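Please read the structure below before turning to the comments.
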Amino acid sequence: MHIDVIGGGAIGLWLAANLAAAGEDVTLWTRTERQSLLITEAGIGLTDTDGNFRTVRVQSEPLHRPRVLAQKVKGEEESWIILAVKQTAIDKELIELLRELTGVRGRTALLCLQNGIGHLERLASELGSVPIYAAVTTMGAKREDERRVMLAGTGELWIGDRAENCPEIDEKRAKSQKKFLLSLQKAGFQAFLSKEINNRIFHKLLINAVINPLTAIFDVTNGELPRHERRVHIMRALHNETADILKRAGMRDQGDSWAQVLDVCVRTSANVSSMLADVRAGRETEIRAINGAVARLAASYGMNAPMNEAMAAIVESYASQKH
208 MHIDVIGGGA IGLWLAANLA AAGEDVTLWT RTERQSLLIT EAGIGLTDTD GNFRTVRVQS
268 EPLHRPRVLA QKVKGEEESW IILAVKQTAI DKELIELLRE LTGVRGRTAL LCLQNGIGHL
328 ERLASELGSV PIYAAVTTMG AKREDERRVM LAGTGELWIG DRAENCPEID EKRAKSQKKF
388 LLSLQKAGFQ AFLSKEINNR IFHKLLINAV INPLTAIFDV TNGELPRHER RVHIMRALHN
448 ETADILKRAG MRDQGDSWAQ VLDVCVRTSA NVSSMLADVR AGRETEIRAI NGAVARLAAS
508 YGMNAPMNEA MAAIVESYAS QKH
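When we follow this note's numbering, the leftmost residue of the sequence shown carries the number 208, and every step to the right adds one.
Structure (structure tokens):
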């Protein structure tokens with residue numbers, strides 16, 4: 208089995224290095240040729256939660272100047288592609304790379320780790336019969352530079368038990384999925400199959416829809432967000448609106464979701480959310496895939512979403528100020 212990891216961010220680096228260290232045949236695809244060369248020459252540096260450091264050698268290729276696509280993986284009956292980029296990175300060039308990879312890798316499945324909603328349907332429409340699996344992870348990692356990553360918190364990796372675009376049971380596909388799951392577990396990941404992956408996606412979306420935009424707007428860490436009473440009132444209103452919309456779309460209760468939002472703020476108190484990091488760096492954010500997607504979902508059910516619409520408008524205005 209060959210595993211392609213697309214994305215040289217924190218999660219992509221952590222996945223690729225640990226899978227390679229466990230003996231898997233891995234190729235990491237990065238946005239820039241510079242990052243690819245650095246990783247090829249020096250490896251990926253990993254720091255775990257105990258402060259232990261090690262370097263792992265990983266084959267790496269740049270996304271837009273691939274040198275190995277013409278070489279079919281000989282003798283491989285199956286391969287997996289882990290898509291570990293933000294939704295904003297899923298552009299025409301990346302989709303074309305996915306088409307090429309799925310054409311040369313033999314029988315291929317795609318695992319998607321994106322925040323928000325809407326990307327699975329888009330990828331399914333672009334990639335035809337390639338099985339597309341949704342995934343949700345609760346682990347946290349921080350990229351220190353182009354080749355070094357630090358694990359900020361251990362967590363779980365949940366994978367949908369059926370492909371989103373072809374949910375019928377297929378024996379060969381099920382065997383490949385089980386083999387892939389064992390590879391992840393062998394590499395040290397707490398990986399599981401889930402029969403309720405869409406519910407997990409909704410619950411993660413609910414948490415992201417509250418924490419990400421508000422940390423970006425108030426320019427605070429996750430832990431600082433609920434320390435101000437007026438901010439808590441805004442958090443609660445945004446949570447309630449989002450929860451109502453997602454429940455209408457099929458989300459089922461998994462305990463007290465408001466308490467879960469506050470718990471994430473506490474457990475990741477020192478974290479700078481990805482949306483805040485993007486705003487600070489003047490990069491495009493995932494606001495359209497998170498709060499924007501919630502607002503669009505609300506409209507499809509004839510519901511109003513003024514809080515989510517406001518979050519999307521404010522955060523998008525930051526990006527427009529940079530240009």
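Using N, Cα and C, we set each Cβ at its ideal position, and we do this for glycine too.
Fair warning: this is a prediction, and the values are worked out from it, not measured in the lab.
Assuming residue i and residue j form a contact by the criterion Cβ under 8 angstroms, report the distance between their Cβ atoms to the nearest whole angstrom.
{"i": "residue 420", "j": "residue 343", "result": "No, residue 420 and residue 343 are not in contact; Cβ-Cβ is about 20 angstroms, not under 8 angstroms."}
{"i": "residue 510", "j": "residue 441", "result": "Actually they do not touch by this definition, with Cβ atoms about 20 angstroms apart."}
{"i": "residue 320", "j": "residue 297", "result": "With a Cβ gap of about 12 angstroms, residue 320 and residue 297 do not count as contacting."}
{"i": "residue 486", "j": "residue 416", "result": "The Cβ separation is near 16 angstroms, so there is no contact."}
{"i": "residue 208", "j": "residue 390", "result": "7 angstroms"}
{"i": "residue 432", "j": "residue 472", "result": "6 angstroms"}
{"i": "residue 245", "j": "residue 353", "result": "5 angstroms"}
{"i": "residue 395", "j": "residue 475", "result": "About 21 angstroms separates the two Cβ atoms, so there is no contact after all."}
{"i": "residue 425", "j": "residue 437", "result": "Wrong, their Cβ atoms sit about 10 angstroms apart, outside the cutoff."}
{"i": "residue 378", "j": "residue 331", "result": "With a Cβ gap of about 22 angstroms, residue 378 and residue 331 do not count as contacting."}
Alpha helix (DSSP H) containing residue i: first to last residue?
{"i": "residue 474", "result": "464-474"}
{"i": "residue 417", "result": "404-425"}
{"i": "residue 246", "result": "240-249"}
{"i": "residue 480", "result": "That residue, residue 480, is in no alpha helix (DSSP H); it is neither H nor E in DSSP."}
{"i": "residue 501", "result": "498-507"}
{"i": "residue 328", "result": "326-334"}
Could you give the residue range of the beta strand (DSSP E) that holds residue i?
{"i": "residue 446", "result": "First-last for residue 446: 436-455, but that is the alpha helix (DSSP H), not the beta strand (DSSP E)."}
{"i": "residue 208", "result": "Unbroken run through residue 208: none, as it is neither H nor E."}
What does DSSP give as the partner residue(s) for residue i in the beta ladder?
{"i": "residue 342", "result": "366"}
{"i": "residue 285", "result": "314"}
{"i": "residue 348", "result": "358"}
{"i": "residue 261", "result": "253"}
{"i": "residue 374", "result": "According to DSSP, which records beta bridges pairwise, residue 374 is partnered with nothing at all."}
{"i": "residue 232", "result": "209"}
{"i": "residue 398", "result": "364"}
{"i": "residue 266", "result": "234"}
{"i": "residue 290", "result": "213 and 319"}
Beta carbon of residue i, beta carbon of residue j: below 7 angstroms?
{"i": "residue 418", "j": "residue 429", "result": "yes"}
{"i": "residue 291", "j": "residue 212", "result": "yes"}
{"i": "residue 514", "j": "residue 456", "result": "no"}
{"i": "residue 216", "j": "residue 350", "result": "yes"}
{"i": "residue 286", "j": "residue 268", "result": "no"}
{"i": "residue 229", "j": "residue 393", "result": "yes"}
{"i": "residue 502", "j": "residue 517", "result": "no"}
{"i": "residue 345", "j": "residue 367", "result": "no"}
{"i": "residue 435", "j": "residue 468", "result": "no"}
{"i": "residue 493", "j": "residue 294", "result": "yes"}
{"i": "residue 405", "j": "residue 459", "result": "no"}
{"i": "residue 333", "j": "residue 376", "result": "no"}
{"i": "residue 270", "j": "residue 238", "result": "yes"}
{"i": "residue 218", "j": "residue 233", "result": "no"}
{"i": "residue 309", "j": "residue 337", "result": "yes"}
{"i": "residue 526", "j": "residue 491", "result": "yes"}
>> Could you check whether the region 396-405 touches the region 339-356, counting it as contact only if at least three pairs of C-beta atoms, one from each stretch, sit closer than 8 angstroms?
In response: Result yes; three or more Cβ-Cβ pairs closer than 8 angstroms.
> Do three or more CB pairs link the region 208-225 to the region 248-256 at distances below 8 angstroms?
Replying inline: yes
>> Count Cβ pairs between the region 322-339 and the region 495-511 that sit closer than 8 angstroms; are there 3 or more?
In response: yes
>> Taking contact to mean 3 or more Cβ pairs, one atom from each stretch, closer than 8 angstroms, check whether the region 355-364 and the region 253-271 are in contact.
In response: yes
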